[in-house]
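**Q** Numbering-wise, this note's numbering comes out as the position in the sequence shown, counting from 1, plus 423.
Cβ atoms here follow ideal geometry from the backbone N, Cα and C, with glycine treated the same way.
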Amino acid sequence: MPAYSADTIRRDATSRPLPPRLRRHAASAMQAMVSTAPRTAHDVDGPRAETFILELLRLHDQCRTAARQLGRAAAMAGLVFIGWACLPAATQAGGAGTGQAESPYFYLPHADPALDALPLKATEVDVHVAGVIANVRVRQTYRNEGSRAIEARYLFPGSTHAAVHAMQVRLGERLITAQIREKQQARVDYEEAQRAGKTAALLEQHRPNVFQMNVANILPGDTVQVELRYTELLVPSDGRYQFVFPTVVGPRYNSPAAAQALDTPIAQPVLATAAGATTPADAFTLALRLDSPIPIKAIESPSHALETHIDDNGRRASLRLAADAQGRPPHNRDFILDYRLAGDRVEAGLLVSHGGDAGNGGGDDENFFLAMIEPPKAVPSAQISPRDYIFVVDVSGSMHGFPLQTAKTMLRELIGGLRPTDTFNVLLFSGSNRVLHERSVAATAENIQRAIDTIEHYQGGGGTELMPALRRVYRLPKAPQLSRSVIVVTDGYVSVEREAFALVREHLNEANVFAFGIGSSVNRHLMEGLARAGMGEPFIITDARQARSEAERFRRMVETPVLTSVKAVFDDIDAYDVEPPQLPDVLAQRPVVLFGKWRGTREDLPAGSLRLQGHTAELRYEQRLPFAQTPPVPPGATPAAGNADADTNADAAALHQALRHLWARHRIAGLSDQEALLGDDSQRQAITALGLQYGLLTDYTSFIAIDQLVRRAADAVSAPVDQPTPLPEGVSPLAIGAAVPSTPEPATWGAALLVLSLLALLTRRQHRAGRQRWTR
424 MPAYSADTIR
434 RDATSRPLPP
444 RLRRHAASAM
454 QAMVSTAPRT
464 AHDVDGPRAE
474 TFILELLRLH
484 DQCRTAARQL
494 GRAAAMAGLV
504 FIGWACLPAA
514 TQAGGAGTGQ
524 AESPYFYLPH
534 ADPALDALPL
544 KATEVDVHVA
554 GVIANVRVRQ
564 TYRNEGSRAI
574 EARYLFPGST
584 HAAVHAMQVR
594 LGERLITAQI
604 REKQQARVDY
614 EEAQRAGKTA
624 ALLEQHRPNV
634 FQMNVANILP
644 GDTVQVELRY
654 TELLVPSDGR
664 YQFVFPTVVG
674 PRYNSPAAAQ
684 ALDTPIAQPV
694 LATAAGATTP
704 ADAFTLALRL
714 DSPIPIKAIE
724 SPSHALETHI
734 DDNGRRASLR
744 LAADAQGRPP
754 HNRDFILDYR
764 LAGDRVEAGL
774 LVSHGGDAGN
784 GGGDDENFFL
794 AMIEPPKAVP
804 SAQISPRDYI
814 FVVDVSGSMH
824 GFPLQTAKTM
834 LRELIGGLRP
844 TDTFNVLLFS
854 GSNRVLHERS
864 VAATAENIQR
874 AIDTIEHYQG
884 GGGTELMPAL
894 RRVYRLPKAP
904 QLSRSVIVVT
914 DGYVSVEREA
924 FALVREHLNE
934 ANVFAFGIGS
944 SVNRHLMEGL
954 ARAGMGEPFI
964 ITDARQARSE
974 AERFRRMVET
984 PVLTSVKAVF
994 DDIDAYDVEP
1004 PQLPDVLAQR
1014 PVVLFGKWRG
1024 TREDLPAGSL
1034 RLQGHTAELR
1044 YEQRLPFAQT
1054 PPVPPGATPA
1064 AGNADADTNA
1074 DAAALHQALR
1084 HLWARHRIAG
1094 LSDQEALLGD
1104 DSQRQAITAL
1114 GLQYGLLTDY
1124 TSFIAIDQLV
1134 RRAADAVSAP
1144 VDQPTPLPEG
1154 VSPLAIGAAV
1164 PSTPEPATWG
1174 AALLVLSLLA
1184 LLTRRQHRAG
1194 RQRWTR
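1) Out of 565, 620, 1113 and 569, which has the shortest C-alpha to C-alpha gap to residue 1134?
2) Less than 7 Å between the beta carbons of residue 623 and residue 963, yes or no?
3) Just verifying my parser: in three-state terms, what is the DSSP assignment at residue 575?
4) Could you work out which residue in 576, 1109, 1154 and 859 is closest to residue 815 when comparing CA atoms only?
5) Around the C-beta of residue 606, are 16 or more other C-beta atoms found within 10 angstroms, so that it is buried, or is it exposed?
6) Three-state secondary structure (DSSP) at residue 760?
7) Taking DSSP as the reference, what is the three-state secondary structure of residue 1117?
8) Verify whether the separation of the beta carbon atoms of residue 757 and residue 633 is less than 7 Å.
9) Taking the beta strand (DSSP E) that residue 1033 belongs to, which residues open and close that run?
10) Return the bridge partner residues of residue 961 from the DSSP annotation.
11) Starting from residue 880, trace the alpha helix (DSSP H) both ways and give me its first and last residue.
12) Note down the Cα distance separating residue 1006 from residue 1086, rounded to an integer number of angstroms.
13) Can you tell me which of the three DSSP states residue 622 falls into?
14) Go to residue 829, then tell me how far its alpha helix (DSSP H) extends in each direction, as first and last residue.
15) For the segment 657 to 671 and the segment 593 to 613, state whether three or more C-beta atom pairs, one from each stretch, are separated by less than 8 Å.
16) Can you tell me the Cα-Cα spacing of residue 1096 and residue 603, whole angstroms?
17) Contact check, residue 777 vs residue 1079 under 8 Å by CB: the rounded distance?
18) I need the DSSP call for residue 1166, collapsed to helix, strand or coil.
19) Buried or exposed: where does residue 1131 fall if 16 or more other Cβ atoms within 10 Å of its Cβ makes it buried?
20) Where does residue 1050 fall in DSSP's three states?
21) Measure the C-alpha to C-alpha separation of residue 471 and residue 879 and round it to an integer number of angstroms.
22) Measure the C-alpha to C-alpha separation of residue 629 and residue 842 and round it to an integer number of angstroms.
23) Going by alpha carbons, who is nearest to residue 576 out of 876, 540, 555 and 560?
24) Using the Cα positions of residue 737 and residue 774, report the straight-line distance between them to the nearest angstrom.
25) Can you tell me the Cβ-Cβ gap for residue 851 and residue 818, rounded? I've got them flagged as a contact below 8 Å.
26) Contact between the segment 898 to 905 and the segment 829 to 838 is defined here as three or more beta-carbon pairs at a separation below 8 Å; is this criterion met?
27) Please report how far the alpha carbon of residue 979 lies from the alpha carbon of residue 1093, in whole angstroms.
28) By the 10 Å Cβ neighbour count, where 16 or more other Cβ atoms means buried, how is residue 968 classified, buried or exposed?
29) Helix or strand or just coil, what does DSSP make of residue 588?
30) Suppose you measure from the CA of residue 822 to the CA of residue 1106; what does that come to, to the nearest Å?
31) List the whole-angstrom C-beta distance separating residue 1044 from residue 986, where the pair is believed to meet the contact cut-off of C-beta under 8 Å.
32) On the premise that residue 866 lies in contact with residue 845, defined as a C-beta separation below 8 Å, what is that separation, rounded to the nearest angstrom?
33) For residue 1101, count the other beta carbons within 10 Å of its own beta carbon; 16 or more makes it buried, fewer makes it exposed. Which is it?
34) How far does the beta strand (DSSP E) with residue 999 in it extend, from its first residue to its last?
35) By the three-class DSSP mapping on this structure, what secondary structure does residue 991 have?
36) Secondary structure at residue 1082, three-state DSSP: helix, strand or coil?
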């Protein structure tokens, strides 16, 4: 039996005794399949398709006699057609693939013993939650234990709500404070310092939740500590507060047809436990302090074991990570902390700061406010109108195992809980997609059971072509009298966030979007962005036990009337730069959040108020928040004994800086959404200006810290080292390219059936022709 390679496939396609026209078509098809098969390791369809073609050709050699009976042209056409059908939909469309360097791969110990391939030795996280504001400090310790100078490069996640506002680098006794710079200029400065033999650190943003740290010229024996600081707002939902610290970037699928590939310039190595490439459990530590003006009712972590202490009055808690009973490492899944306050109360109200409270001598004369307003309560379900639901379910390779099994549990609850007056449909997608019905059907027991049985059949395999699936959703017909909700269920491991946000916004008048992210380290940027663009809500499920409760929360949310025609009215307050500029319809169980600035002096605090107006199902709604009753310090701040005035001033300064950063972060997020909608960089100048003015990390600004001491010869080359990270807990190795049993794409089954039908037809015709020759 001959051995086949990519080259022999091409030769074979042109050398078989076929008619010239079919030979040309076969050669072109084979060439296209081999040259355009995806090379991203996340998408196993491409390599699997090429292997399948080889096996088919071997089978063709073994069955050459049968092939002659059926006709060589028909046999070769069948082989080409089946091979073509095995490729992902995007490859069939002829999209250009992205480079392999952008894909994750398993880390292997470096062959050079002089090179320290694991330069990140420890990550320490310290969190202080005061009321609704979290201040986070992250310290990364890099140490070169090899004998060659290195450049450490580390891709790591961050909170989607983080306003990263400071970075410091400690090298021995020297402390270097990073400066914010335009992104390209910061990269130029970093590379110049690297060539000059100086130690430098560069922090860049690739996504709102994906950052990259570069540390150049770490000499043998050096210890370099890089400290980041960020602020974020904790918005409660259904009376529950949640703080999330992501620890690992999940592998991303780069669609060959995507206009926005993952713009990281380095590959992302993944630790393979089988290779022994692990890090000690104490390499990641986290400590958290929680101050609340209302006693804490309950505090727990669904992701990690904790050592927790709550003081006697119940308003202050401290906690740190404890040893995991199952021996799991702490840094392969998001850290999640849930807590509730007494009576399930929400810290609704108004926070106001004055520029004179900054205390930094920076000439800051802007005043800020933050309003958080509880929504109205629920009404009887009899008032709820019927809706149409489209469930868009990811059945790709990265969903294999825990994520997909959890999704099935959750979908059984969601679909099974529909009311008889509702209609629904299901679209399943991986490298291709299929829809259960051509139009939505009534939520009868029979239709619901059929949908659940179909979903149960899938096990996960193939690429993650989200965009074709979403486009197909918006092409599905809809009854004009029904409102439609699209429910996307995925782990979010894609690189087409901007395209997806733009598509959802373009069709906002047709449907709102809810996003369910399933997994231990989901792409929260995608899930929250889809929900924000679609005026819906994100739901994150990190544990199978949460599936039913989150499905129930979704049901309560959609069955509660929204607050419509919402607007903010400022009485006797000179407010400006209010974010968001227009308030969307509000779902119940989640407060309305409003940022802004106001004009005035500290001694002349406005006596007016903020009024939130809107309409519920049948009533007019209004809530009033007076400025004059605003506390001067953040909720939860407790002045220490002995110097209460100094502590109060420090608290006021901290509040002002937090509101300043949070307002700018929210404004930047809005401008980024506009860019996504337009598909360009039209807001680059505005985002850059905000990043520079408020000292924030953005898509167009970076932090750069350079030690002015020249520590090695100019132009001496330091070895680049990409810090590997663990594979997120529960994510199948299929996400990195390892094959597991998977459900074939619907397109493959259809193509195979069509080819078999054609071959059967040719056989029948040839049989008839033979009979005619004998009868003559």
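**A** Inspection of the coordinates gives the following:
1) 620
2) No, Cβ-Cβ distance for residue 623 and residue 963 is not below 7 Å.
3) strand
4) 859
5) The residue in question, residue 606, is buried, as its Cβ has 16 or more Cβ neighbours within 10 Å.
6) It is a strand residue.
7) helix
8) no
9) 1032 to 1038
10) Per the DSSP secondary-structure output, residue 961 pairs in a beta bridge with 938.
11) DSSP places residue 880 inside the alpha helix (DSSP H), whose first and last residues are 868 to 880.
12) 15 Å
13) strand
14) 825 to 839
15) no
16) Cα to Cα, residue 1096 sits roughly 23 Å from residue 603.
17) 7 Å
18) Low confidence applies to residue 1166: its pLDDT is 43, below 50, so where it sits in the model is not reliable enough to give any reading.
19) Flag for residue 1131 reads exposed.
20) coil
21) Per-residue confidence for residue 471 stands at a pLDDT of 42, beneath the threshold of 50, marking its modelled position as unreliable; the derived number appears in the next sentence. Straight-line Cα distance between these residues: approximately 24 Å.
22) 43 Å
23) Of the candidates 876, 540, 555 and 560, the residue whose Cα lies closest to the Cα of residue 576 is 540.
24) 23 Å
25) 5 Å
26) Under the Cβ criterion (8 Å, minimum of three pairs), the segment 898 to 905 does not count as touching the segment 829 to 838.
27) 28 Å
28) exposed
29) strand
30) 35 Å
31) 6 Å
32) 5 Å
33) exposed
34) 998 to 1002
35) Looking at residue 991 - three-state DSSP - the assignment turns out to be strand.
36) helix
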